[in-house]
Amino acid sequence: MKETRAGLLPAQQIDSRGRARISQRAIMSLALPLMANSAVQIVLNLTDVWFVGRISTQALAAVGSVQWLLLAVTYLLGGAATAVQTLVAQAQGAGDLPRAARAVWTSLWAVLIASPLFVLAGAIRGLVLTPAGIAPEIAQLAGQFWFPRIGGAFLGVAVWTVFGFFNGIGRPRTTLVVTCVIAASNALFNQWFIFDLGMGIAGSGWASTAAQAVGVSVGIGVFLSSRYRQTYQSHLGWRPRLGPIWQQVRLGFPIGLASAGDLLGFAMFQIMEVRLGTVGGAATQVCMMLTSISFSPGYGLAASGTTLVGQSIGAGDAGWAARLGMRLILMTSSYMGGIGVLLALTGPYILPWFASSHDALAGGMVDLGSRLLWFAAAYQFFDGVAMGSAMALRGAGDVVVPAALVLPLSLLLFLPLAHMLTFAPGQGWTAVLPQLGWGAVGGWVAILVYLSVLSSLLLLRWRSGVWRRIGRIERS
């Protein structure tokens, strides 16, 4: 066996001939805790679905009708926090550790400034949900869930800020511990608020908000511990400065906008399925939650690309960043595609867990969901390519062009195509587009088309190397 030694760059090893190679072990030491963190997020999501499913299938459809829209609004208003990992990783690679800590305080101030907007978005739930045209009883339940969930979502954005720091410096195990605390708190709060206090579906929204409050408290406590005060001077740099806050918003807003545009497409797609019928809405919601078994760890794997690419660029080696980015894109797409097929094979045995045996609609939800999971299996591979490429570009600070790609594809390709394929004549929101009436299956075909196009364009952007011209992002 050839002897190797650690190199000077992230995930680099030098073989006996002096050639730099990618250390798969180093990648996995970073990626596995991030994937485990995302796996805990799966448990958190499925816990919410399980508790809401115990209320009724209608409650499940109601949450499904707004779940993606909630995330879209959160990303749009909390975009500054999505830039933290990039800024911290590049500062870490450059050896400027206090600058990494200052990015956290800058983001927290941006979150505080934006917090009234989250409360306002929660308060205008009628304006948001009424145009959807879903059944009144479903809309009423969705409105009860909406206010506590989105009104307190700024706490979740603050959690993203803390996670961005620990992931950016290569300490994802801390992120994992905090996520476990959030997941455990969320389960306890769900039981307490929904059933013990009799708050119903609104209790699920309040449970998530309360759990995020616990998480951000724990995360900031660790950030201010003696270890990080000494090394990163984390207790300093907390005073707000408008210049750095604006710079961080300028970097983070396109990231948040791209995520919001993508999620808005999925939100409207989900509302289409609920409008089509309770069974389609509930089946789509459960299948989306099941695909998080592929998506969430895949996201963690891709997120390690942001850290490694960012640290490489901070260290001044864009060529090494390019090699690491391609490796992470391949790993992410392979993982997600494989798990997608496994989910489709086991779906008929898993789906009944998320339906009440006394619900007359449960059988239809299980049958439809078993078919939809095969379309989910097909699109997971392309989602992995898209996510791996986007995360590598994010580490390089290339965020404007990806946003410019996502928005038109989501709003001008995915949504019209989903409407055309889902609704029969007279069922949809407009008669301008042809309506083929494929039902929920048609909507999932539209997802497959959208992600295959998006992933191809993002991969081409990464392969082009245009991001090398952006250079290191300097922060004062």
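Start counting the sequence shown at 12; every next residue gets the next number (this note's numbering). Idealized CB from N, CA, C, for every residue including glycine.
State the CB to CB distance for the pair residue i and residue j, rounded to an integer number of angstroms; the pair is presumed to be in contact (CB under 8 Å).
i: GLY358; j: GLY380; result: 6 Å
i: ALA294; j: LEU383; result: 6 Å
i: ALA403; j: VAL320; result: 5 Å
i: ALA83; j: SER307; result: Their Cβ separation, rounded to whole angstroms, is 18 Å, which puts ALA83 and SER307 out of contact at 8 Å.
i: ALA125; j: GLY162; result: Not really, about 13 Å apart at Cβ, beyond 8 Å.
i: GLY106; j: ILE324; result: Contact flag wrong, Cβ pair sits at about 13 Å.
i: LEU462; j: ALA355; result: In fact, because the Cβ distance is near 16 Å, the residues do not count as touching under 8 Å.
i: ILE266; j: THR93; result: 4 Å
i: GLY64; j: LEU71; result: 5 Å
i: TRP473; j: LEU274; result: Not really, about 22 Å apart at Cβ, beyond 8 Å.
i: GLY272; j: SER421; result: 5 Å
i: LEU469; j: ALA401; result: 6 Å
i: GLY75; j: GLN281; result: 6 Å
Note down, in chain order, each residue of its chain lying with its Cβ closer than 8 Å to the Cβ of residue i, except the 5 sequence neighbours on either side.
i: ILE33; result: ALA22, GLN23, GLN24, ARG334, LEU335 and ARG338
i: TRP449; result: LEU432, THR433 and VAL456
i: GLN241; result: none
Which partner residues of residue i appear in the DSSP bridge assignment?
i: ILE33; result: GLN23
Tell me the residue span of the alpha helix (DSSP H) that contains residue i.
i: LEU465; result: 451 to 475
i: SER228; result: 212 to 234
i: ARG334; result: 329 to 361
i: PHE176; result: 164 to 179
i: PRO183; result: 183 to 201
i: THR97; result: 95 to 105
i: VAL412; result: 411 to 419
i: ARG110; result: 108 to 134
i: GLN69; result: 68 to 88
i: ALA326; result: From DSSP, ALA326 is part of no alpha helix (DSSP H); its letter is neither H nor E.
i: THR433; result: 426 to 433
Can you find the residues in the same chain that come closer than 7 Å, C-beta to C-beta, to residue i, ignoring five residues on each side of it along the sequence?
i: ALA47; result: LEU187
i: PHE234; result: VAL115, VAL173, PHE176 and SER245
i: LEU57; result: MET300
i: GLY348; result: GLN391, PHE392 and GLY395
i: GLY226; result: VAL170, VAL189, VAL192 and ILE193
i: LEU152; result: GLN69, ALA70, ALA73 and ILE212
i: PRO127; result: none
i: ALA121; result: ALA91, ILE256, GLN259 and VAL260
i: ALA100; result: GLY179, THR317, THR318, GLY321, GLN322, GLY325 and GLY406
i: GLY309; result: THR343, TYR346, MET347, GLY395 and MET398
Excluding the 5 residues flanking residue i on each side, which residues of the same chain have their C-beta closer than 6 Å to its C-beta?
i: THR15; result: Any answer about THR15 is weak, because its pLDDT of 49 lies below 50 and its placement is not dependable; what the coordinates show is given next. Same-chain partners within the cutoff: GLN24 and ASP26.
i: GLY216; result: PHE156, PRO159 and ARG160
i: ALA224; result: LEU166
i: ALA269; result: PRO413, ALA414 and VAL417
i: TRP331; result: LEU20 and SER323
i: MET12; result: Low confidence applies to MET12: its pLDDT is 38, below 50, so where it sits in the model is not reliable, and the reading given next is rough at best. Here the set comprises nothing.
i: ALA329; result: ARG479
i: TRP440; result: none
i: ARG113; result: GLY248
i: ALA221; result: PHE200
i: PRO183; result: PRO44 and LEU45
i: ALA42; result: LEU312 and SER315
i: ALA198; result: THR58
i: THR85; result: ALA164
Can you confirm whether residue i, when its beta carbon is compared against all beta carbons of chain C, has any partner nearer than 9 Å?
i: SER126; result: In summary, chain C is missing from the structure at hand, where a single protein chain is found.
Could you tell me which uninterrupted alpha helix (DSSP H) segments, each at least 4 residues in length, are contained entirely in the stretch 240 to 282, listed from first to last along the chain? Counting only runs of 4 or more, we get nothing.
Kindly provide the ranges of any alpha helix (DSSP H) runs that are 4 or more residues long and lie completely inside the stretch 384 to 414, ordered along the chain. none
Within the stretch 290 to 318, note down every full beta strand (DSSP E) run reaching 3 residues or more, in order along the chain. The stretch 290 to 318 contains no whole beta strand (DSSP E) run of 3 or more residues.
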